[in-house]
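Take the sequence shown: its letter number 273 is residue 268 in the working numbering, and every next letter is one higher. In this text, a Cβ means the ideal position worked out from N, Cα and C, and glycines have one as well. From a predicted model like this one, the values you see are computed outputs, not experimental measurements. Report on the structure given below.
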Amino acid sequence: MSEENQVIDIGGHPLFVPNWFTSSGRKLGPETMAPAVEFFMKLLERSQQFYESGGEPVPSVGEFLKAEAERTAAEEWKEDQANIEIRMAMINTLLKVECCVSGTHTMDDVGLGAFGMYKTLPGLDCTFPGGYEGLIDHMMKELPKDIVLYNKPVKCIHWNYTKNGPDTKGTSFPVTIECLDGKTFAADHVIVTVPLGYLKKHQDTFLSPSLPQQKLHSIQRMGFGTNNKIFLEFEQPFWEEDCELIYLVWEDETDLADVVSDVKMSWIRKLFGFNVLKPAERFGNVLCGWIAGHESEYMETLSESEVLQSVTQLLRKFTGNPTIAPRKLLRSQWFHDPYSFGSYTYVAKGCSGYDIDNLAKPLPLKDSNAMPLQVLFAGEATHRSFFSTVHGALLTGWREAERLVSLYTPASGSLSSKL
């Protein structure tokens, strides 16, 4: 969290030191593969410019990247004909990388016109000691005891509620939160921070009255996909000491398709590679693999031993080392999480910033005479620039808290408003 880290602007793509392994068991050097990475990053940058300029030539990012790569790659590498095919295979791997970054099944589902809305913050990613649980534990220490309730899944939020809520001593509250166990809570306001995937799944029953049609349409238009991590622990590293990222390049994938034809048989092909967790003194010899889309969702249905077997075979094939044997595996399963149904938001084809703003609007809408700010919406899906990120979730939480503070703050100019 140092200032030195935070001022480094890497555009969301850190310059990690990579190792490239191919499906024939070859390890290739930067003189062969780096030009493909540089070429792809330029195309990706161009694909983000249509948000400001308009006039996108095709509906999706995937269509644009594939068409431009096939059109210009041969010209870019005409002096090095021998490496054109392996570099096109590398571009296919990078398409899978972007599926993980966006949290989508395929980049063909990501809208080209809105793609540039997303912004990256300066600085490298930071890992909290103890993970996010460590952050939550620290926050909890600042709160009064017993103020947070656990294991209270919410069944329905009743708003514009006219009857007296429970245990309110005759006071009328506009909001009643009904839990699955039958317990109810009366409130003036509720801030909803559930993932977009949960709203998509329960949009008809989670609020009563139901969400306005314009909100429902925005929820339907916005994209929400799955990106999972697969952690592997090894006795000894097989990667080079300075390696920070491992790419897996299938030599037969030169036709640029970021999905597999048979999910059950070939799901492992969607796993584009691994991050090396550093420093080793803290993490041990651990790799973090990335896999997105329906292939990732299918992976969740397999047993840990089945996933371990598949990943072990994959690594042996790509390194040419038949003795590689991870000793432990841990994987996420976001798609089958009943409170998430996926990982995070992306701007789908036909989606725009209007949909994100629309989702963020509190209920009741402004043209209502009812008590204001009964139901507020926060979370990464409600931020125009930082959707899919933790800082987007944090900023939207502050935004909605500020709405409520402003509602109860005396008019500007009074002494209390300045304290």
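Span separating the alpha-carbon of residue i from that of residue j
| i | j | result |
| --- | --- | --- |
| Leu410 | Glu(-2) | Interpretation of Leu410 is limited by its pLDDT of 35, a score under 50 that renders its predicted location unreliable; no figure is taken from the coordinates. |
| Pro367 | Gln208 | 19 Å |
| Asn87 | Phe269 | 16 Å |
| Val370 | Val143 | 19 Å |
| Gly129 | Val385 | 15 Å |
| Lys265 | Lys91 | 7 Å |
| Thr249 | Arg21 | 17 Å |
| Trp154 | Val56 | 39 Å |
| Glu395 | Glu173 | 22 Å |
| Met83 | Ala62 | 12 Å |
| Glu58 | Trp262 | 22 Å |
| Leu402 | Asp183 | 12 Å |
| Ile214 | Thr340 | 10 Å |
| Trp393 | Val189 | 16 Å |
| Ala29 | Leu23 | 10 Å |
| Glu276 | Trp234 | 16 Å |
| Cys95 | Trp285 | 7 Å |
| Ser412 | Gln44 | Note that Ser412 scores a pLDDT of 40, beneath 50, so its modelled location is shaky and nothing firm can be said. |
| Ser335 | Thr314 | 36 Å |
| Thr377 | Ala388 | 8 Å |
| Leu60 | Pro139 | 52 Å |
| Ser19 | Tyr127 | 39 Å |
| Leu414 | Thr404 | Here Leu414 scores only 35 on pLDDT, less than 50, and its place in the model should not be relied on; the value that follows carries that caveat. When rounded, the distance between both Cα atoms is 11 Å. |
| Val342 | Ala109 | 6 Å |
| Ala64 | Leu38 | 8 Å |
| Thr307 | Ile319 | 7 Å |
| Leu10 | Leu243 | 17 Å |
| Arg398 | Trp72 | 54 Å |
| Cys434 | Asn316 | Past the boundaries of the shown model lies residue 434; the chain is included only from -4 to 414, so the question cannot be answered. |
| Lys312 | Thr391 | 45 Å |
| Leu211 | Trp15 | 44 Å |
| Lys178 | Gly6 | 47 Å |
| Asp199 | Ser338 | 21 Å |
| Gly408 | Val400 | Summary for Gly408: the model assigns pLDDT 47, below 50, so the residue's position carries little reliability; its value from the coordinates is reported in the next sentence. Straight-line Cα distance between these residues: approximately 16 Å. |
Spatially closest choice to residue i from the options, by CA coordinates
| i | options | result |
| --- | --- | --- |
| Asp257 | Gln208, Ala181, Arg394 and Gly288 | Gly288 |
| Met36 | Pro25, Pro333, Leu89 and Phe382 | Leu89 |
| Glu246 | Gly118, Thr17 and Leu10 | Thr17 |
| His197 | Thr377, Cys151, Glu173 and Val281 | Cys151 |
| Ser167 | Val2, Ala181, Gly177 and Asp176 | Ala181 |
| Ile225 | Ser305, Val255 and Ser203 | Ser305 |
| Gln1 | Ala69, Asp120, Ala64 and Gly108 | Asp120 |
| Ser300 | Asn316, Leu390 and Arg322 | Arg322 |
| Ala69 | Val53, Phe34, Glu236 and Gly50 | Phe34 |
| Phe123 | Thr115, Pro117 and Asp132 | Asp132 |
| Pro359 | Pro204, Ala77 and Asp332 | Pro204 |
| Glu26 | Ile79, Pro54 and Ser338 | Ile79 |
| Lys344 | Asn316, Glu51 and Leu202 | Glu51 |
| Ile351 | Leu324, Arg216 and Met294 | Arg216 |
| His8 | Ser48, Thr115 and Asn316 | Thr115 |
| Ile81 | Leu251, Asn353, Ile3 and Glu47 | Leu251 |
| Gln328 | Glu295, Ser48, Glu47 and Gly125 | Glu295 |
| Pro232 | Met260, Lys273, Pro333 and Glu93 | Lys273 |
| Ser42 | Gln76, Ala77, Pro357 and Glu93 | Glu93 |
| Asp4 | Pro117, Gln76 and Asp75 | Pro117 |
Residue i and residue j closer than 9 Å at C-beta
| i | j | result |
| --- | --- | --- |
| Val170 | Tyr193 | no |
| Gly374 | Leu206 | no |
| Arg326 | Asn223 | yes |
| Asn280 | Glu228 | yes |
| Thr67 | Gly218 | no |
| Val32 | Met85 | yes |
| Leu240 | Pro13 | yes |
| Ile186 | Phe381 | no |
| Glu497 | Phe330 | Residue 497 is absent from the model: the chain starts at -4 and stops at 414. |
| Asp104 | Gly220 | yes |
| Val254 | Glu290 | yes |
| Ser97 | Ser383 | yes |
| Arg379 | Met135 | no |
| Leu324 | Leu303 | yes |
| Pro148 | Leu175 | yes |
Residue i at chain B interface by Cβ criterion, 9 Å
| i | result |
| --- | --- |
| Lys150 | Of the protein chains in the structure, only one exists, and it is not chain B. |
Residue(s) in a DSSP beta bridge with residue i
| i | result |
| --- | --- |
| Lys224 | Trp285 |
| Asn14 | Ile241 |
| Lys22 | Phe16 |
| Val105 | Ala343 |
| Phe219 | Thr340 |
Exercise for review: Starting from the N-terminal side, write out each stretch of the alpha helix (DSSP H) that is 4 residues or longer and does not extend beyond the segment 48 to 94.
Suggested key: The segment 48 to 94 contains these whole alpha helix (DSSP H) runs: 56 to 71.
**Study point:** 4 or more residues per run - each alpha helix (DSSP H) lying fully within the segment 228 to 302
**Key:** Complete alpha helix (DSSP H) runs here, min 4: 258 to 261, 275 to 278 and 288 to 296.
Check your understanding: What are the complete alpha helix (DSSP H) segments, minimum 4 residues, inside the segment 123 to 204?
Key -> Complete alpha helix (DSSP H) runs here, min 4: 126 to 135 and 191 to 197.
Practice item. Could you name each continuous beta strand (DSSP E) segment of 3 residues or more that falls completely within the segment 308 to 382, going from the start of the chain to the end? Key: The beta strand (DSSP E) runs of length 3 or more contained entirely in the segment 308 to 382 are, from start to end of the chain, 323 to 326, 339 to 341 and 370 to 372.
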